Amino acid sequence: MAMGEQRRSGRRPDSTDQTILSALAKDARTGITEIAALANVSRATAYNRIKRLTDEGVIRGYSVVTDHSKMGLGVTALVLISGSQPDWRANREILSSYPEIEYCWYVVGSADIVLLVRVANTNQLRDLILSRLQSLPGVTSTQTLTVIDEVVHRPVVEPSEGSE
338 MAMGEQRRSG
348 RRPDSTDQTI
358 LSALAKDART
368 GITEIAALAN
378 VSRATAYNRI
388 KRLTDEGVIR
398 GYSVVTDHSK
408 MGLGVTALVL
418 ISGSQPDWRA
428 NREILSSYPE
438 IEYCWYVVGS
448 ADIVLLVRVA
458 NTNQLRDLIL
468 SRLQSLPGVT
478 STQTLTVIDE
488 VVHRPVVEPS
498 EGSE
């Protein structure tokens, strides 16, 4: 590893990186020439920045943003799960296998797990909760919050000014 790379490795993205990340967040298909122009850098610099951000794990991948309702997934819900601690490791693989689960977080607070699920209708939501989630080892309770409107969805959240 070169001296300059070693010094910069693991550093927080600077304003040029943020410009590049914002452009890719808006449209991951944005060409390198356009990204370079937006960031006011050369194509080679933009390419190298993207490669470094990827190598350092800041950029973990590229994805497609879909309209879930147009895909037949008209119901979105947050499911909070509480239960006994020894069973959570075993449940990780099971939860990962459920295609309805978009996100799964293990949390500290009044619940132990929070799921973001997307299903076609309330019958599918009921079956997921009553038949599969509540029968997981150690689950003692679930609470479901049905989403009625998605107001903010940012693929990239930038640190606020002054945050360290």
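Just so you know, the sequence shown maps onto residues 338 to 501 in our numbering.
By construction, the Cβ of each residue, glycine as well, lies at the ideal position given by its N, Cα and C atoms.
Everything numeric in this text was worked out from a predicted model, so none of it was measured.
Non-local C-beta neighbours of Gly409 in its own chain, meaning closer than 6 angstroms and more than five positions away in sequence, comprise Ala457, ordered along the chain. Excluding sequence positions up to five before and after Ser379, its CB lies within less than 7 angstroms of the CB of Ala373, all in the same chain and listed in chain order.
Under the three-state reduction of DSSP output, Ile396 falls in the coil class, being neither helix nor strand.
Each of Asn377, Ala414, Gly394 was checked against the Cα of Tyr440, and the nearest Cα belongs to Ala414.
Secondary structure at Leu482: strand, using DSSP grouped into helix, strand and coil. Taken in chain order, the unbroken stretches of beta strand (DSSP E) that lie wholly in the segment 439-478 and span 3 residues or more are 450-456. Between Val494 and the set Leu358, Leu473, Val401, the nearest pair of CA atoms involves Leu358. In this structure Val445 is exposed. Its beta-carbon is surrounded by fewer than 16 other beta-carbon atoms within 10 angstroms.
Only residues of its own chain outside the window of five on either side were considered, and among them Leu415, Leu417, Trp442, Val444 have a CB closer than 7 angstroms to the CB of Val451, listed in chain order. In the DSSP assignment, Thr353 falls within the unbroken alpha helix (DSSP H) covering 352-363. Counting along the chain, Thr413 sits inside no alpha helix (DSSP H); it lies in the beta strand (DSSP E) bounded by residues 412-420. Here Ile466 has Val416, Thr479, Thr481 as same chain residues with Cβ atoms under 7 angstroms from its own Cβ, once five neighbours each way along the sequence are excluded. Of the other Cβ atoms in all chains shown, 16 or more fall within 10 Å of the Cβ of Gly420; this residue is therefore buried. Cβ contact annotation for Ile369 (same chain, cutoff 6 angstroms, sequence separation greater than five): Arg380, Ala383, Tyr384, in chain order. The straight-line gap separating the alpha-carbon atoms of Ser406 and His490 is approximately 15 angstroms.
Under the criterion of beta carbons closer than 8 angstroms, Arg463 and Tyr435 do not qualify as touching, at roughly 15 angstroms.
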